[in-house]
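Input: a single structure, listed below in structure tokens.
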Amino acid sequence: MRWKWLFGFVLFAFLHSVKGQDTTDTLSLSFKDLPLEIVLDSITYKSGYYFSYNADAIPKGSLYTLTRKGIHIDNLLNILLVGTMLEHSRYEDQIIIRAKQGVSKEGVDGSRGKVQITGWVREYRSKNAIEGVNVFINGTTIGTVTDQYGNYRLTDVPHGSYILVFSHVAYELASYSFKAENNNSYAINGLLDFKVRTLDQIEIISDPIVSEDEWPRYYRMFKKEFLGSSANASRCEILNAESLDFSYNEDTRVFTGEAQEPLIILNEALGYQVSYELEHFERDDDRTSFYGKARFTPLDPESNRIRKKWRKNRMKSYYGSITHFFKSLIADELKEEGFRIYSVKDVSEIFNKKMVEIEPDDILARGTNRYEWKLDFDDYVMVSYDKEVESTQYLSSLNEDEISSNGLGPTSGINSHQPGAQKSMLELKRTYVTLDHNGQIKEPLGLTTIGYWSWERVADLMPADYDPKADNL
1 MRWKWLFGFV LFAFLHSVKG QDTTDTLSLS FKDLPLEIVL DSITYKSGYY FSYNADAIPK
61 GSLYTLTRKG IHIDNLLNIL LVGTMLEHSR YEDQIIIRAK QGVSKEGVDG SRGKVQITGW
121 VREYRSKNAI EGVNVFINGT TIGTVTDQYG NYRLTDVPHG SYILVFSHVA YELASYSFKA
181 ENNNSYAING LLDFKVRTLD QIEIISDPIV SEDEWPRYYR MFKKEFLGSS ANASRCEILN
241 AESLDFSYNE DTRVFTGEAQ EPLIILNEAL GYQVSYELEH FERDDDRTSF YGKARFTPLD
301 PESNRIRKKW RKNRMKSYYG SITHFFKSLI ADELKEEGFR IYSVKDVSEI FNKKMVEIEP
361 DDILARGTNR YEWKLDFDDY VMVSYDKEVE STQYLSSLNE DEISSNGLGP TSGINSHQPG
421 AQKSMLELKR TYVTLDHNGQ IKEPLGLTTI GYWSWERVAD LMPADYDPKA DNL
């Protein structure tokens, strides 16, 4: 209440100090990589409107780039405030920016709150400290390494629902699900067991491991299915590919892969080094499935030109992605972000021009806590992203019938051979799947993607905590 009262007092004084100046509702402007507060100052200069807002509510580190001619000020502000959980209203020559009704100062998911996570990691039997364990929040850039005493600390972790991962080349992977919310700090310890591959375990493997001579051919297959065939994939390299083993079952025609240590992926298209714990990889005649746990480490650009290129590529990879879709779905901003969703009973219904568009509430419901949601629908959901057309590499794959693994060939009708809106389909493999506040699926094999999202692979993957408006590269 005190904060609200102070805000009202400042606003009242400000209203009286600026009353009576000329204003214009239509303006032209161009700006690049500017924080929102500077953009608002520029709008004030050009329009005559003054802004009132709580500075703590304005996104920190966000940079805005936009060029518009003859745009109405309300439309301009709607563009600028997408994804910020802020809204605006006008009173005479004053524009008031505040949190959307029903949204707390922390936002929908409480992400403005921060916590600290500390703990130790020890060997399961001896209880000796383990140095050099990668401790990270799955799918994000938040991570560290244990010191010589096995201790670690993660700071400034936003409120949310997470999976904390403990990874070391000599030990079995371990993870822990938790919610970061009201407490200022959490203590999460890890006990790791040695990786042991006994003779008995080797004997029960039914699928023959490919020979050393065959390995390069299977690695090329793996790399294409795992990293993808996009423009980003051509700039990716697996630095420790020798840790991969492949097997092939001629009866079932199933190709599997496993890694003896986390795969280290250098992505020079997006500016990240990714440590990927491959937990499952399988390819048959119809589809490819894989999942794992990933830690993203940003690279340092060697020049301003590379910095700009990475920033551009990151935005291109994020916008229209399945993570972007899920975050927009959770925020109830699908249409503002360029997405439309339809319910279909079969892939062939894509030809039906009378498809009925559905709303977010038709497929999404609140989960068991404030940081989780349930994705629940029947048959298929078709998703169209209208702000970006299909890439030439994707169309080439369709023309060459190279992506049958996603369940759609070039004659399925979901995409033509001319660039159009990016279209994908979702199919549930269980009653529902759980989404966290970052748009990550907690049951990795519970959802199948078909179409454009199936074509995008690890080379196009962005950190779950990436924010295109706050990429401090």
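Residue numbers (the numbering used here): 1 to 473. Ideal Cβ positions, reconstructed from N, Cα and C, are used throughout, including at glycine. On a predicted model such as this, the values are computed, not experimentally measured, just so you know.
Worksheet entry | Endpoints, alpha helix (DSSP H) assigned at P216 | Within the sequence shown, the letter at position 216 stands for residue 216. Note, P216: alpha helix (DSSP H), 215 to 227.
Discussion item. Once the 5 residues before and after M355 are set aside, which same chain residues still bring their CB inside 6 Å of it?
Written reply: As a first step, residue 355 must be located in the sequence shown, where it is residue number 355. So the list reads Y342, once near-sequence residues are dropped.
Worksheet item: So what's V133 in DSSP terms, helix, strand or just coil?
Response: The count along the sequence shown starts at 1 and reaches residue 133 at position 133. DSSP places V133 in coil when its eight states are reduced to three.
Worksheet item: By Cβ distance, which residues of its chain are closer than 8 Å to H72, with the 5 residues on each side in sequence left out?
Response: To locate residue 72, count along the sequence shown from 1; it is residue 72. Within the same chain, H72 has close Cβ partners D25, T26.
Discussion item. Check for me: the alpha helix (DSSP H) holding I79 runs from which residue to which?
Written reply: Here residue 79 refers to the residue found at position 79 of the sequence shown. Per DSSP, I79 belongs to the alpha helix (DSSP H) from 73 to 80.
Fill in: Strand pairing of E359, partner residues [DSSP]
As a first step, residue 359 is located in the sequence shown; it is residue number 359 there, counting from the start. E359 is not bridged to any residue.
Discussion item. Between the alpha carbons of H16 and D93, how many angstroms are there, rounded?
Written reply: Position 16 of the sequence shown holds residue 16. Position 93 of the sequence shown holds residue 93. Residue confidence is low: H16 scores 32 on pLDDT, short of 50, so the model does not pin down where it sits. No coordinate-derived value is stated.
Worksheet item: How about P360 and D332: are their beta carbons less than 8 Å apart?
Response: Along the sequence shown, one-based indexing puts residue 360 at 360. Along the sequence shown, one-based indexing puts residue 332 at 332. Result yes, Cβ atoms of P360 and D332 sit closer than 8 Å.
Item to complete: Could you name the residues of the same chain whose beta carbon sits closer than 8 Å to that of V157, not counting the 5 residues immediately before and after it, in chain order?
Response: Position 157 of the sequence shown, counted from the start, is the residue given in the question as residue 157. Taken in chain order, the residues that qualify are K114, V115, Q116, I117, I137, I142, A180.
Worksheet entry | Per-residue DSSP class, three states only, for Y186 | Residue 186 sits at position 186 when you count from the first residue of the sequence shown. The answer is strand: DSSP assigns Y186 an E or B state.
Discussion item. What does the alpha-carbon distance come out to for the pair S289 and T449?
Written reply: Counting from 1 along the sequence shown, the entry for residue 289 is found at position 289. Counting from 1 along the sequence shown, the entry for residue 449 is found at position 449. The straight-line gap from Cα to Cα measures roughly 10 Å.
Worksheet item: If you drop the 5 nearest sequence neighbours on each side, which residues of the same chain put their C-beta closer than 6 Å to that of V344?
Response: Locating residue 344 in the sequence shown gives position 344, where the first residue counts as 1. So the list reads Y380, M382, once near-sequence residues are dropped.
Item to complete: Determine the burial state of P216: buried for a count of at least 16 other Cβ atoms within 10 Å of its Cβ, exposed for fewer.
Response: As a working note, residue 216 is residue 216 in the sequence shown. Label assigned to P216: exposed.
Worksheet item: Between R311 and S126, what straight-line distance do the alpha-carbon atoms span, to the nearest angstrom?
Response: For the purposes of this step, residue 311 is taken as residue 311 along the sequence shown, with counting starting at 1. For the purposes of this step, residue 126 is taken as residue 126 along the sequence shown, with counting starting at 1. When rounded, the distance between both Cα atoms is 46 Å.
Worksheet item: With distances taken between CB atoms, is the gap from K195 to E225 smaller than 8 Å?
Response: Taking the first residue of the sequence shown as position 1, residue 195 is located at position 195. Taking the first residue of the sequence shown as position 1, residue 225 is located at position 225. No, these two residues do not count as a Cβ contact at 8 Å.
Fill in: Rounded distance between the beta-carbons of T23 and Y49, thought under 8 Å
As a working note, residue 49 is residue 49 in the sequence shown. As a working note, residue 23 is residue 23 in the sequence shown. At roughly 5 Å, the Cβ-Cβ gap stays under 8 Å, so Y49 and T23 are in contact.
Worksheet item: So, using beta-carbon positions, are I97 and F51 closer together than 8 Å?
Response: The count along the sequence shown starts at 1 and reaches residue 97 at position 97. The count along the sequence shown starts at 1 and reaches residue 51 at position 51. Yes, Cβ-Cβ distance for I97 and F51 is below 8 Å.
Fill in: Own chain partners of E214 with C-beta closer than 7 Å, once the 5 adjacent residues on each side are dropped
As a first step, residue 214 is located in the sequence shown; it is residue number 214 there, counting from the start. The answer is none, since no qualifying residue turns up.
Practice prompt. Look up K327 in the DSSP assignment and say whether it is helix, strand or coil.
Written response: Taking the first residue of the sequence shown as 1, we reach residue 327 at position 327. Helix.
Worksheet item: Taking buried to mean at least 16 other C-beta atoms within 10 Å of its own C-beta, is G190 buried or exposed?
Response: Locating residue 190 in the sequence shown gives position 190, where the first residue counts as 1. So G190 ends up on the buried side.
Worksheet item: So, do the region 417 to 426 and the region 384 to 391 have three or more beta carbon pairs nearer to each other than 8 Å?
Response: yes
Worksheet entry | Coarse secondary structure for K69, derived from DSSP in three states | Here residue 69 is taken as the residue at index 69 of the sequence shown, counted from 1. In this structure, K69 counts as strand in the three-state DSSP scheme.
Item to complete: Count the other CB atoms, across all protein chains shown, that sit within 10 Å of the CB of A170; report buried if there are 16 or more and exposed otherwise.
Response: To locate residue 170, count along the sequence shown from 1; it is residue 170. Counting Cβ neighbours within 10 Å, A170 comes out exposed, since fewer than 16 surround it.
Worksheet item: Residues in its own chain within less than 8 Å of E203 by CB, not counting five upstream and five downstream?
Response: As a position in the sequence shown, residue 203 is number 203, starting the count at 1. With a pLDDT of 40 at E203, under the threshold of 50, the modelled position of that residue is not reliable, and the figure given next carries that caveat. Nothing listed; no residue qualifies.
Fill in: Of the listed residues L76, H159, Y186, nearest to R153 (C-alpha basis)
Taking the sequence shown and counting its residues from 1, one reaches residue 153 at position 153. Residue Y186 is the option with its Cα nearest to R153.
Worksheet item: Among residues of its own chain, excluding the 5 on either side of K32, which ones have a beta-carbon nearer than 6 Å to its beta-carbon?
Response: Locating residue 32 in the sequence shown gives position 32, counting from the first residue. Around K32: T65.
Fill in: Integer Cβ distance of L364 from V433, believed to fall under 8 Å
Numbered from its first residue, the sequence shown carries residue 364 at position 364. Numbered from its first residue, the sequence shown carries residue 433 at position 433. 11 Å between Cβ atoms; not a contact.
Worksheet item: Nearest-angstrom Cα distance between H280 and A470?
Response: Start at 1 with the first residue of the sequence shown, and residue 280 comes out as number 280. Start at 1 with the first residue of the sequence shown, and residue 470 comes out as number 470. H280 and A470: Cα-Cα distance of roughly 33 Å.
Worksheet entry | D193, DSSP secondary structure in three states | Stepping through the sequence shown from its first residue, residue 193 is reached at position 193. Coil, per DSSP.
Discussion item. How far does the alpha helix (DSSP H) with V39 in it extend, from its first residue to its last?
Written reply: Taking the sequence shown and counting its residues from 1, the one referred to as residue 39 is at position 39. Where V39 is concerned, the enclosing alpha helix (DSSP H) stretches over 36 to 47.
Practice prompt. Let me know the secondary structure DSSP gives A174 once reduced to three states.
Written response: To locate residue 174, count along the sequence shown from 1; it is residue 174. Three-state DSSP puts A174 in a strand.
Fill in: Nonlocal neighbours in the same chain, by C-beta distance under 6 Å from F246, ignoring five residues either side
Numbered from its first residue, the sequence shown carries residue 246 at position 246. Answer for F246: V210, Y218, G257, listed in chain order.
Fill in: For I58, the first and last residue of its enclosing alpha helix (DSSP H)
For the purposes of this step, residue 58 is taken as residue 58 along the sequence shown, with counting starting at 1. From DSSP, I58 is part of no alpha helix (DSSP H); its letter is neither H nor E.
Fill in: T144 versus A464: straight-line alpha-carbon distance, rounded
As a working mapping, residue 144 is identified with position 144 in the sequence shown. As a working mapping, residue 464 is identified with position 464 in the sequence shown. Distance between the alpha carbons of T144 and A464 is about 17 Å.
Worksheet item: Between which two residues does the beta strand (DSSP E) carrying R366 extend?
Response: In the sequence shown, counting from the first residue as 1, residue 366 sits at position 366. R366 -> beta strand (DSSP E) spans 364 to 366.
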